[in-house]
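*Asks:* Chains A and B supply the protein sequences, listed in that same order. Take the first sequence: its letter number 29 is residue 29 in UniProt numbering, and every next letter is one higher. Take the second sequence: its letter number 167 is residue 167 in UniProt numbering, and every next letter is one higher. I have a structure here, written as structure tokens, and I will follow up with some questions on it.
There are 2 protein chains.
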Amino acid sequence: MSKRGRPRDFDYTSIVDVAMKTFWSKGYNGCSTHDLCSDTGLGKGSLYNTFGSKQELYLAVVEHYHETGIREQRALLESPGSVKERLQNFLAWALVEDFESTNPKGCLLINAGLERAKDDPKIEEIVTRHVELLKQTMEIVMEEGLRTGEISKKRSAVDLASLFLSSYYGFRVLNTSTQNRTLAEQIMNGTMESIFGA
Amino acid sequence: MSKRGRPRDFDYTSIVDVAMKTFWSKGYNGCSTHDLCSDTGLGKGSLYNTFGSKQELYLAVVEHYHETGIREQRALLESPGSVKERLQNFLAWALVEDFESTNPKGCLLINAGLERAKDDPKIEEIVTRHVELLKQTMEIVMEEGLRTGEISKKRSAVDLASLFLSSYYGFRVLNTSTQNRTLAEQIMNGTMESIFGA
DNA sequence: TTATTTTTGTAACGATCGGTACAAAAGTTA
DNA sequence: TAACTTTTGTACCGATCGTTACAAAAATAA
């Protein structure tokens with residue numbers, strides 16, 4: 001009783017995945033529904049029948065990016081190994097994303113936050129949620145570092161996590177905007193040393 | 001011999017200033033030449049006769065933002081007072097920009113870098129130049145802090161400046177995207193403590 | 001088979017896009 | 001004044017925007 005009518009001949013999430021890259025590299029206002037159709041291979045009928053509008057497709061894309069992203073980031077931060085290794089790996093992962101990935105460079109969530117959060121409350125909500133989850137995870141990692149003695153107890157876990165969070169986002173923005181690898185490595189050094197001391 | 005013909009009845013830089021706010025709040029792709037005309041009060045004839053194209057006007061706008069911005073930032077960082085006070089004032093200035101200014105919220109240079117640097121080499125050049133000048137200024141401030149003993153000599157001026165730079169840009173992005181003042185204050189605390197210790 | 005439901009591709013919608021054409025307007029120079 | 005130069009506002013250009021209409025296609029249900 002569940003599926004009458006012509007079945008769709010594409011996979012929902014793999015279309016979202018393709019559209020993600022289109023929005024990621026061109027921006028919301030910078031790409032057209034024609035771009036989305038030709039990249040995904042869908043006709044306009046299918047695209048609008050499935051997603052409703054450009055805005056709703058963008059929402060599904062950003063939500064998808066958030067979900068896969070937070071999973072990946074948590075995996076890196078909660079992996080076995082020392083706290084120092086984990087934070088180092090986290091920044092190294094971002095470095096690859098910004099300089100060597102086959103995906104569009106930079107962070108789609110930052111782009112979405114800056115371009116659309118002001119106009120689309122649902123986008124702002126996803127970005128806020130993502131940042132809070134990431135910060136929470138960083139706080140847990142900092143607490144562990146304080147407990148084990150890897151990090152000196154001069155600063156609170158909240159202060160440490162807030163610093164690491166903002167430095168991470170600045171890292172992403174500067175990498176994307178200037179593509180300056182030397183600067184990227186200096187930021188990695190400066191950030192790691194500010195947490196683990198000299 | 002220099003000015004024959006009908007004189008223009010507007011001031012170039014004040015038009016750039018108005019257009020700046022239009023691009024700032026709507027983005028490059030998010031605003032139309034019609035928006036620019038109605039905000040500036042210019043007709044299309046005048047706008048195109050003066051600036052040539054939307055792209056060239058945007059370039060003039062971003063260059064203008066860079067020039068006034070770097071002057072203001074340097075003034076804050078090179079003002080009299082302790083290094084700690086100056087860095088604190090710098091972040092406090094950014095906080096006002098992101099939460100209380102009558103200008104559009106956030107940093108136009110970040111928006112330009114993320115939206116246009118990839119497609120317009122001249123935009124990337126301005127952003128890169130701005131970041132380098134700002135980082136240079138921060139390095140000088142950190143050197144002073146190291147010299148006077150305000151900052152412990154465990155880390156180099158380059159590491160300290162790189163950290164402050166990235167944390168500053170992350171601060172701006174998170175403020176703009178999430179408008180979370182509590183988070184903003186935690187980042188300010190975390191950043192200041194990471195430089196001056198606890 | 002026939003009726004029903006959903007997806008598909010295509011054609012088209014009105015609106016708006018960035019940019020241009022051009023003549024009237026308003027000055028300077030001679 | 002007459003000749004010249006530049007700016008101004010407006011009308012308009014072809015292209016593209018996001019979206020919709022709709023009939024053919026392809027499945028299930030009766």
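No residue lacks a Cβ here, since even glycine has one placed at the ideal position from N, Cα and C.
In terms of alpha-carbon separation, which member of B:F51, B:R8, B:G5, B:P7 lies closest to A19 of chain B?
*Replies:* Among B:F51, B:R8, B:G5, B:P7, the Cα nearest to that of A19 of chain B is on B:F51.
*Asks:* Going along chain B, which residues have a C-beta under 8 angstroms from L174 of chain A?
*Replies:* Within chain B, the residues near L174 of chain A are V131, L165, S166, Y169.
*Asks:* Between Y65 of chain A and L108 of chain A, how many whole angstroms is the CB-CB distance? I'm expecting something under 8 angstroms.
*Replies:* So it is a contact: roughly 5 angstroms between Cβ atoms.
*Asks:* Under 8 angstroms between C-beta atoms, does T191 of chain B make it to chain A?
*Replies:* So, interface residue.
*Asks:* Listing by chain order, which chain B residues have their CB less than 9 angstroms from the CB of T137 of chain A?
*Replies:* By Cβ distance, chain B contributes nothing, its closest Cβ being about 15 angstroms from T137 of chain A, past 9 angstroms.
*Asks:* Relative to the alpha-carbon of N29 of chain A, which residue among B:L114, B:V158, B:N180 has its alpha-carbon at the smallest distance?
*Replies:* Among B:L114, B:V158, B:N180, the Cα nearest to that of N29 of chain A belongs to B:L114.
*Asks:* Can a CB atom of chain B be found closer than 8 angstroms to the CB of M1 of chain A?
*Replies:* Because the pLDDT at M1 of chain A is just 48, under 50, the model does not fix this residue reliably, and the value given afterwards should be weighed accordingly. No, M1 of chain A lies away from the interface with chain B (no Cβ there is under 8 angstroms from its Cβ).
*Asks:* Could I get the ranges of all uninterrupted beta strand (DSSP E) runs contained in the region 86-135 of chain B, with 3 residues as the minimum, in chain order?
*Replies:* Counting only runs of 3 or more, we get nothing.
*Asks:* In chain order, what residues of the same chain have a beta carbon less than 6 angstroms from the beta carbon of N175 of chain B, not counting five sequence neighbours either side?
*Replies:* Cβ neighbours of N175 of chain B beyond the five flanking positions: D98, A184.
*Asks:* From which residue to which residue does the alpha helix (DSSP H) around E56 of chain B run?
*Replies:* Here the alpha helix (DSSP H) through E56 of chain B covers 54-77.
*Asks:* With distances taken from CA atoms, which of B:R181, B:F164, B:K21 is nearest L57 of chain B?
*Replies:* Closest by alpha carbon: B:K21.
*Asks:* Can you name the residues of chain A whose CB is closer than 9 angstroms to the CB of T178 of chain B?
*Replies:* Under the 9 angstroms cutoff, chain A gives G113, A117, E124, V127, T128, V131, E132.
*Asks:* Using the Cα positions of E85 of chain B and K44 of chain B, report the straight-line distance between them to the nearest angstrom.
*Replies:* Whole-angstrom Cα-Cα distance: 47 angstroms.
*Asks:* Below 8 angstroms, can you find three or more Cβ-Cβ pairs linking the region 1-15 of chain B to the region 184-196 of chain A?
*Replies:* Contact fails: fewer than three Cβ-Cβ distances are below 8 angstroms.
*Asks:* What's the call for N111 of chain B, buried or exposed, on a 16-neighbour Cβ count within 10 Å?
*Replies:* Buried is the call here.
*Asks:* So with CB distances below 9 angstroms, who are the chain A contacts of V158 of chain B?
*Replies:* In chain order: Q186, N189, G190.
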